[in-house]
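Respectively, the protein sequence lines represent chains A and B.
Here the numbering used here is used: the first residue of the first sequence is 11, the next is one more, and so on.
Here the numbering used here is used: the first residue of the second sequence is 22, the next is one more, and so on.
Here a beta-carbon is modelled for each residue, glycine too, at the ideal position from N, C-alpha and C.
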Amino acid sequence: MSANGLVIAVPRGALFEETLDWLDGLGIRTDEVRSNDRKLVFGDVGLITMRPSDVPTYVAAGAADLGVTGKDVLMEQTDAAVAGAGRDVYELRDLGFGRCTMVIATREGPDPAAEALRRLGVIRVATKYPRVATRYFEDTGRQAEIIEVKGSVELAPLTGLVEAIVDLTATGTTLRENHLVIREEIAECTARLIANPVAHKLKAGPIDELLERARAI
Amino acid sequence: MIHPIPSGTRDVLPDEMRELRAITEALRDVFGAAGYGEVYTPALEYETVITRGELASLRPAYRVFDENGNVLVLRSDMTVPIARVVATRYPASEPPLRFCYFAHSYRGVRPQRGQPREFLQAGVELIGASAPRGTAEAVTVLCRALDAVGLARYRLGLGDASLYPALLDSLGVAADDRARLLDELARGDFVGLERGLRDLEIDDDSIRLLLSVPQMRGGADVLRGPPGPVADAVAGLRAVHQLLEADVAERVIFDLGLSRAPGYYTGAVFEVYDPAVGMPLGGGGRYDNLLGEFGRSLPAVGFALEVDRLHLALAAEERL
């Protein structure tokens with residue numbers, strides 16, 4: 011069975027397996043997606059696979075009707091500062107899996123971020139989520155210098171590049187192993203089902219039917 | 022030598038310009054035949070004028086100072102400048118007044134496909150014609166215009182901006198919560214909407230109602246379902262629907278969750294969809310209080326089409 015003629019963007023990476031399990035529950039066949047990790051387009055079942063952070067891009071442009079991605083990705087890509095611009099995709103469902111927490115962490119012991127803020131007036135923060143971090147520090151009235159890194163964020167406070175990091179953690183193991191402790195929790199993040207706003211109107215029947223099937227799981 | 026231009030802007034060269042011109046000429050013929058006179062207003066306006074009263078929430082993205090220290094803004098749409106023109110230049114004229122425009126507006130969006138910072142809008146404003154007759158006229162002109170451009174597959178989403186606020190009021194939701202929930206709805210964040218509703222002290226039936234109403238969209242049967250508090254808005258939509266000719270009516274998708282930024286809409290709102298383009302081609306609605314902000318209180322309705330998106334949709338339809 012396919013996805014009612016809909017195209018669904020599936021994230022490879024941490025949410026991949028659970029997304030496929032969820033699609034199985036809807037009666038969409040995922041065995042070929044599971045067995046072939048080079049192919050990108052699975053036309054007969056209406057699935058396309060990509061990096062999680064690309065999912066909102068494809069869905070916003072209408073290249074996919076629906077997609078699954080993390081709330082962390084949506085938070086990072088939504089531009090809350092620009093009125094009327096935040097409606098690129100609809101967020102239809104919290105799928106519940108892939109639960110992580112967006113946190114501020116620093117080295118263990120006395121909080122070096124508090125010390126930096128007190129004595130230097132600004133916290134240096136490394137993150138893969140510069141918009142989320144910028145917004146959070148602004149909203150809490152603290153001055154922060156946001157440094158975007160692409161690789162292991164944990165390295166930044168250990169080398170003295172920054173005092174704090176903003177990152178996503180599921181179990182906290184990586185943080186602990188690097189002698190970092192969580193100082194604040196910014197948001198709970200889970201996998202979300204998103205929709206293209208135009209497809210949500212023009213393909214209302216198939217989308218609602220799929221949501222109905224999802225409710226039954 | 023390569024000389025850059027600002028992000029989100031672009032040059033139009035003859036091949037593209039010819040195609041854009043064909044679109045705008047087709048639109049101009051339809052608007053003209055329906056009695057809409059073309060106007061042009063300055064791209065720069067005084068900030069204090071363009072953000073009067075309730076409009077203060079409309080924050081234009083680009084500002085400059087003039088030689089006297091006044092703050093000027095680049096207009097972010099044409100509706101507000103035309104409201105200013107009506108109050109200033111037509112203070113005593115017998116309504117209804119009909120205007121159309123082809124003009125660039127400016128928004129501080131993140132530039133991407135279909136989201137430039139400078140964009141050409143083609144639209145009409147019908148001033149002094151109340152619902153449902155005025156709304157039906159605007160919707161009809163809109164469909165005739167899209168037909169003339171040559172689009173075959175477009176649909177029109179029709180909703181009412183007062184519907185969800187009325188529903189929240191009827192359940193006694195406080196003003197702060199109301200604003201937050203309307204914001205979630207406008208952003209299409211149904212997960213956030215559900216969270217927000219569960220934080221309120223209202224019963225499960227009300228929550229179910231508040232979650233299901235914005236998901237109601239489809240044919241005229243949508244107007245049969247919804248309950249008491251939204252009856253006025255739904256009756257308004259039905260009245261508009263009854264005034265539409267058959268070929269216009271069959272383009273309509275009723276959408277009880279439709280809400281549009283900016284926030285000056287007071288009644289019926291509508292959006293144009295094409296299956297080939299992932300974002301609305303344009304839209305509009307009733308703004309019965311806006312003219313009052315400028316001192317000439319008249320009901321009004323209008324729409325704007327984004328010419329570049331019409332072009333995208335037309336190109337995509339031709340490829341089929």
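Residue-level contact to chain B via CB, residue 15 of chain A, 8 Å cutoff: Chain B contact via Cβ: absent.
Span separating the alpha-carbon of residue 251 of chain B from that of residue 184 of chain B: Near 6 Å, if we compare the C-alpha coordinates of residue 184 of chain B and residue 251 of chain B.
Any chain A beta carbon closer than 8 Å to residue 220 of chain B: By this cut-off, residue 220 of chain B is not an interface position.
Residue 142 of chain B - DSSP class collapsed to helix/strand/coil: The DSSP-derived three-state label of residue 142 of chain B is strand.
Where residue 83 of chain B sits in the DSSP three-state scheme: Here residue 83 of chain B sits in coil by DSSP.
Same chain only: Cβ atoms within 7 Å of residue 106 of chain B, ignoring 5 sequence neighbours per side: Taking residue 106 of chain B as the centre and dropping the five residues before and after it, the same chain places the C-beta of 60, 62 closer than 7 Å to its C-beta, in chain order.
Residue 228 of chain A and residue 200 of chain A closer than 8 Å at C-beta: Because chain A here runs from 11 to 227, residue 228 of chain A falls outside it and cannot be looked at.
7 Å Cβ cut-off: residues of chain A touching residue 294 of chain B: Neighbours of residue 294 of chain B on chain A, chain order: 208, 211, 212.
CB contact below 8 Å: residue 197 of chain A versus chain B: For residue 197 of chain A, the closest Cβ of chain B is not nearer than 8 Å.
Inter-residue CB distance, residue 188 of chain B and residue 234 of chain B (contact presumed, cutoff 8 Å): With 8 Å as the limit, residue 188 of chain B and residue 234 of chain B qualify as a contact, their Cβ atoms being about 6 Å apart.
Chain-ordered chain A contacts of residue 238 of chain B [CB-CB under 7 Å]: Going along chain A in sequence order, the residues near residue 238 of chain B (Cβ under 7 Å) are 211, 214.
N-terminal and C-terminal residue of the alpha helix (DSSP H) that residue 158 of chain B is part of: Counting along the chain, the alpha helix (DSSP H) containing residue 158 of chain B begins and ends at 154-170.
Chain A within 8 Å of residue 291 of chain B, Cβ atoms only: It does not; no Cβ of chain A falls within 8 Å.
Proximal residues of chain B, C-beta to C-beta of residue 72 of chain A below 9 Å: Correct list: 296, 297, 298, 299, 300.
Stretch-stretch touch, CB-based, cutoff 8 Å, three pairs: the region 305-325 of chain B with the region 276-289 of chain B: The region 305-325 of chain B vs the region 276-289 of chain B: in contact.
Any C-beta of chain A under 8 Å from that of residue 176 of chain B: Against chain A, the CB of residue 176 of chain B has a partner CB under 8 Å away; the residue lies at that interface.
Nearest-angstrom Cα separation, counted from residue 211 of chain B out to residue 203 of chain B: A direct Cα-Cα distance of roughly 11 Å separates residue 203 of chain B from residue 211 of chain B.
Collapsed DSSP secondary structure at residue 38 of chain B in the structure displayed: Looking at residue 38 of chain B - three-state DSSP - the assignment turns out to be helix.
Cut-off 8 Å between Cβ atoms - residues of its own chain near residue 175 of chain A, not counting five sequence neighbours on either side: So the qualifying residues of the chain are 114, 115, 116, 135, 136, 137, 163, 164, 166, 167, 190.
Between the CA atoms of residue 194 of chain A and residue 151 of chain A - distance to the nearest angstrom: The C-alpha of residue 151 of chain A lies about 15 Å from the C-alpha of residue 194 of chain A.
Separation of residue 41 of chain A from residue 98 of chain B, as counted between CA atoms: Residue 98 of chain B and residue 41 of chain A have their C-alpha atoms spaced approximately 50 Å apart.
Interface partners of residue 100 of chain A on chain B, CB under 9 Å: Residues of chain B passing the Cβ test: 208, 209, 210, 211.
With 16 other Cβ atoms within 10 Å as the buried cut-off, status of residue 213 of chain A: Residue environment for residue 213 of chain A: buried (at least 16 other C-beta atoms within 10 angstroms of its C-beta).
Residue 110 of chain B classed as buried or exposed, judged by whether at least 16 other C-beta atoms fall within 10 angstroms: Under this definition residue 110 of chain B is an exposed residue.
Beta strand (DSSP E) runs wholly inside the region 93-149 of chain A, at least 3 long, in chain order: Runs of the beta strand (DSSP E) lying entirely within the region 93-149 of chain A and spanning at least 3 residues, in chain order: 100-104, 110-117, 133-137.
Proximity below 8 Å, CB of residue 136 of chain B to CB of residue 124 of chain B: Against a cut-off of 8 Å, the Cβ pair of residue 124 of chain B and residue 136 of chain B comes out as no contact.
4 or more residues per run - each alpha helix (DSSP H) lying fully within the region 239-302 of chain B: Residue ranges of uninterrupted alpha helix (DSSP H) with 4 or more members, entirely inside the region 239-302 of chain B and ordered along the chain, are 252-264, 267-270.
Opening and closing residue of the alpha helix (DSSP H) in which residue 191 of chain B lies: Under the DSSP assignment, residue 191 of chain B falls in the alpha helix (DSSP H) whose first and last residues are 184-191.
Chain B within 8 Å of residue 117 of chain A, Cβ atoms only: No, residue 117 of chain A does not count as interfacial toward chain B.
When A/154, A/76, A/47, A/44 are compared against residue 19 of chain A, the one with the closest alpha-carbon: Comparing alpha carbon positions, the residue from A/154, A/76, A/47, A/44 closest to residue 19 of chain A is A/76.
Option nearest residue 155 of chain A by Cα separation, candidates A/133, A/217, A/70, A/169: Ranking A/133, A/217, A/70, A/169 by Cα distance to residue 155 of chain A puts A/133 first.
Short CB-CB distance (under 8 Å) between residue 242 of chain B and chain A: By this cut-off, residue 242 of chain B is not an interface position.
Contact with chain B by residue 104 of chain A, beta-carbon distance below 8 Å: At least one chain B Cβ lies under 8 Å of residue 104 of chain A.
Local Cβ density within 10 Å of residue 32 of chain B, reported as buried at 16 or more and exposed below that: Taking a 10 Å sphere around the C-beta of residue 32 of chain B, we find fewer than 16 other C-beta atoms and assign the residue as exposed.
Distance between residue 203 of chain A and residue 79 of chain A (C-alpha atoms, nearest Å): C-alpha separation (whole angstroms): 7 Å.
CB of residue 42 of chain B within 8 Å of CB of residue 66 of chain B, strictly: For the pair residue 42 of chain B and residue 66 of chain B, the CB atoms are not nearer than the 8 Å cut-off.
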